[in-house]
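Protein chains in written order, with this note's numbering: chain A, 88 to 542; chain B, 88 to 542.
Every residue gets a Cβ at the ideal spot worked out from N, C-alpha and C, and that includes glycine.
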């Protein structure tokens, strides 16, 4: 794909970031601004979000610079004064990033990240920041739901073939592992993120042999220690009986059949019948893996219907977050030159000012409520969730490892109240604005209404 | 994003492609196989697909090779024999690709692409091929619907911030341009694909000034020849009146206000009121641009409601193909060693054999019906749609330009019958299997049922 070679994160942006920047520059508007990134509302059947995408974003932000090739392209558009392009050439990210670490659970309206930086910097990275976090939050949140639905069974990401691009495939593998997936089929993700990789055979493997049995026995010869047979190519129950024969042959070599995979048909019914075939053959250890159009809803239905499944593979519906493929995520200017700002557009109002999220837990350590307050506020009992991860363009701690993030999510999940974990939640987590924030918001809003709206 | 640096298309694959390849290699299965890629069915409210993604895919395929770093990673998994990895090191793509060119309209069940190659090659590229084409077809098909709904008005892609990754943002910009979008806000896509780029200002620009009027006049000073004012930050109609003042000032310099953008509220009603404000001020030429959560359905509703809109920007709902975020696209082995093969899995049957799609047009040049036949068949009146673009690993023509593809799509669209163009189509395009294909399918299926299913 030729664009990979030409990839330039500084151009992963909407044109208007540059036109606005040019205008700020011309007016000598170099003062500090605060931009706030948050999700406006929950998609249907969602009650929480999982913070994700921060570590890769930080790497990119700290590396921000305009390459000469990018500057040449901007020049070629004929839109920008040459002196402005010279200014861009020296631009680096020197701002502060206050953000929730990856793996944290957060809620609608809460800033996931705020950037305090000279306005041109904060503006130029808008699209990049949103693009970097949007899919990660989406994928991690969807994956957490799948892990929950799987009820302790192993669960693996099989989505790469139908993710929306390669980048997406990488992000989904990483974010699903973060929330408790055992691994992925995605080999590049295995390499880049040190995630365990899984997979054995497709239907094409079976059909390339004259007979299903030939395919099974050939595979077992190649990988006698890791044989998982796909048994639904022609008929699942016939396939299971052939798998029993393979298991017998492996036993003679002192090996065991690892498992079988069911990929079509009535998986609840078939899994019970396949389990019985193995039990009757004394093969209690053979694992049954289910795949094929699964998501958290189907997994829950299968388990409710008594499916006998040990391992679950989730593909496209996780990979594109099919029931909620995008979030109403916004990145808004909330303060400039120390002046809190907002817009009044109907249905799209935002909270003014530099903010902080304070979380309160009950005596059992469960999340009880959050207060959305000003960064300048302080609550003895409330844990502030936004951390200063970058100050003046410098990272304040090493980048976090995947394992550290995975552990954080596991702890967060423990503290998430049971009703909110449900895949069809019936309640909403309480998030309230602090009095100080409410008051500031009202003051600024009424001032703007008075000043800007002509009757 | 660190993975971009380590990007290796040969690892953009599911692990099972490598385990299957290892098993084929061990059994000395080097004969030719045919894999067929198609979409099984239409998502709701879709009646056609647009072929897209071929040119970037071809570049990658022809460049296929295992880097030493990728081989080291595979070795580190401990799964593969060293001799097999040595075999992979020398592997190149030497197969034939028969595919529909980009911009062609195609239908469910029709192969978009078939690959004839030694089975290991055809297998190893499965995930890469699907990932490369899936989103492109999705995005081009969605974009074509948006262009149709816009009814001749200009339409621009604003989706980058919420596409599922950067790769997706690039693909959406490219594929929407292919189907008639005027351009994109995505600067990198503008650079890489030579697509016109659009954009002026966000709400953050407006709110960074003490007053909306200051923001407007500053922008007009910076870009007097290309001023489009976002007027909904505080109140759309007040914003429109301020825009009239800006237009007056520009007139004094011999310049014209380009347009205004509405991004929230009742766009049909507001656009009419804003138009009247401009008309009453003698500003007939000011363009009205609408944005904010639009898709083909909302655009159609707006225009039905008499919205006065000249330009339309489509964002997230195009970017993630929100109402149909994935397709049931499959890549299946259909022939090996000259033997046609299929699977019988319920709900997932495939058509056997090397195939061709023959298209018949009526006397007015409109598409009338397609026949899904065998590659060996021939129809005097039927135009074969799959072209041999790669033979024995060699490209048979130069890569196509964006403009050539754009022209092809425009011609295809002209020949698509009106009822199928509708955003809520009420009919299905007729695609029939040829008698020869039907017969072959039945023969192979009944043979497999007899051989493989134990009663």
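Burial state of residue i, where buried means 16 or more other Cβ atoms lie within 10 Å
| i | result |
| --- | --- |
| residue 100 of chain B | buried |
| residue 143 of chain A | buried |
| residue 88 of chain A | Reliability of the predicted coordinates at residue 88 of chain A is poor, the pLDDT of 35 falling under 50, and no value is obtained from them. |
| residue 262 of chain B | buried |
| residue 244 of chain B | buried |
| residue 322 of chain A | buried |
| residue 413 of chain B | buried |
| residue 435 of chain A | buried |
| residue 96 of chain B | buried |
| residue 424 of chain B | exposed |
| residue 92 of chain B | With a pLDDT of 44 at residue 92 of chain B, under the threshold of 50, the modelled position of that residue is not reliable, and no figure is offered here. |
| residue 249 of chain B | buried |
| residue 404 of chain A | buried |
| residue 182 of chain B | buried |
| residue 294 of chain B | buried |
| residue 110 of chain B | buried |
| residue 422 of chain B | buried |
| residue 378 of chain B | buried |
| residue 534 of chain A | exposed |
| residue 546 of chain A | Look at the range of chain A in this structure, 88 to 542, and you will see that residue 546 of chain A is not part of it. |
| residue 538 of chain B | exposed |
Proximity winner among the options, relative to residue i (alpha-carbon distances)
| i | options | result |
| --- | --- | --- |
| residue 373 of chain A | A:385, A:390, A:360 and A:397 | A:397 |
| residue 352 of chain B | B:344, B:345 and B:361 | B:361 |
| residue 196 of chain A | A:486, A:355, A:269 and A:416 | A:416 |
| residue 399 of chain A | A:119, A:221, A:249 and A:272 | A:272 |
| residue 406 of chain A | A:231, A:204, A:293 and A:186 | A:231 |
| residue 114 of chain B | A:305, A:455, A:445 and A:518 | A:305 |
| residue 393 of chain A | A:355, A:488 and A:495 | A:355 |
| residue 517 of chain B | B:459, B:494 and B:468 | B:459 |
| residue 408 of chain B | B:309, B:228 and B:219 | B:228 |
| residue 431 of chain A | B:367, B:375 and B:290 | B:290 |
is_contact[residue i, chain E] using C-beta, thresh 8 Å
| i | result |
| --- | --- |
| residue 109 of chain B | The structure shown contains no chain E; its protein chains are A and B. |
Cutoff 8 Å: residue i Cβ touching any chain A Cβ
| i | result |
| --- | --- |
| residue 249 of chain B | yes |
| residue 89 of chain B | Residue confidence for residue 89 of chain B is low, a pLDDT of 37 falling below 50, so the modelled location carries little weight; the figure read from the coordinates is stated next. Chain A contact via Cβ: present. |
| residue 511 of chain B | no |
| residue 489 of chain B | no |
| residue 420 of chain B | yes |
| residue 133 of chain B | no |
| residue 481 of chain B | no |
| residue 245 of chain B | yes |
| residue 253 of chain B | yes |
Rounded distance between the beta-carbons of residue j and residue i, thought under 8 Å
| i | j | result |
| --- | --- | --- |
| residue 541 of chain A | residue 332 of chain B | With a Cβ gap of about 11 Å, residue 541 of chain A and residue 332 of chain B do not count as contacting. |
| residue 510 of chain B | residue 384 of chain B | 6 Å |
| residue 158 of chain A | residue 175 of chain A | 6 Å |
| residue 311 of chain A | residue 342 of chain A | 5 Å |
| residue 105 of chain A | residue 161 of chain A | 7 Å |
| residue 123 of chain A | residue 201 of chain A | 5 Å |
| residue 307 of chain B | residue 337 of chain B | 6 Å |
| residue 441 of chain B | residue 203 of chain B | 7 Å |
Residue i CB to nearest heavy atom of the ligand MG below 7 Å
| i | result |
| --- | --- |
| residue 502 of chain B | Ligands are entirely absent from the displayed structure, and the ligand MG is therefore not among its contents. |
Cβ of residue i within 8 Å of any chain B Cβ
| i | result |
| --- | --- |
| residue 229 of chain A | no |
| residue 93 of chain A | Note that residue 93 of chain A scores 48 on pLDDT, short of 50, meaning its location in the model is unreliable; the coordinates nonetheless yield the value given after this. At least one chain B Cβ lies under 8 Å of residue 93 of chain A. |
| residue 210 of chain A | yes |
| residue 539 of chain A | yes |
| residue 412 of chain A | yes |
| residue 561 of chain A | The structure shown does not extend to residue 561 of chain A, since chain A is modelled only from 88 to 542, so the question has no answer here. |
| residue 343 of chain A | no |
| residue 535 of chain A | yes |
Of all the residues that make up the stretch 423 to 446 of chain A, which are near chain B by a beta-carbon distance shorter than 9 Å? 423, 424, 426, 428, 429, 430, 431, 432, 433, 434, 435 and 437
For the stretch 164 to 191 of chain B, which residues have a beta carbon sitting closer than 8 Å to at least one beta carbon of chain A? 164 and 166
Closer than 8 Å, Cβ to Cβ, to anything on chain A: give me those residues from the stretch 350 to 376 of chain B, in chain order. 350, 351 and 352
Taking a Cβ distance cut-off of 8 Å, strictly less, list which residues of the stretch 112 to 129 of chain B are near chain A, in chain order. 113, 114, 116, 120 and 122
Just by C-beta distance, which residues in the stretch 385 to 404 of chain A are closer than 8 Å to chain B? 403 and 404
Compile a chain-ordered list of the residues in the stretch 298 to 309 of chain A whose CB is closer than 7 Å to at least one CB of chain B. 298, 299, 305, 306 and 309
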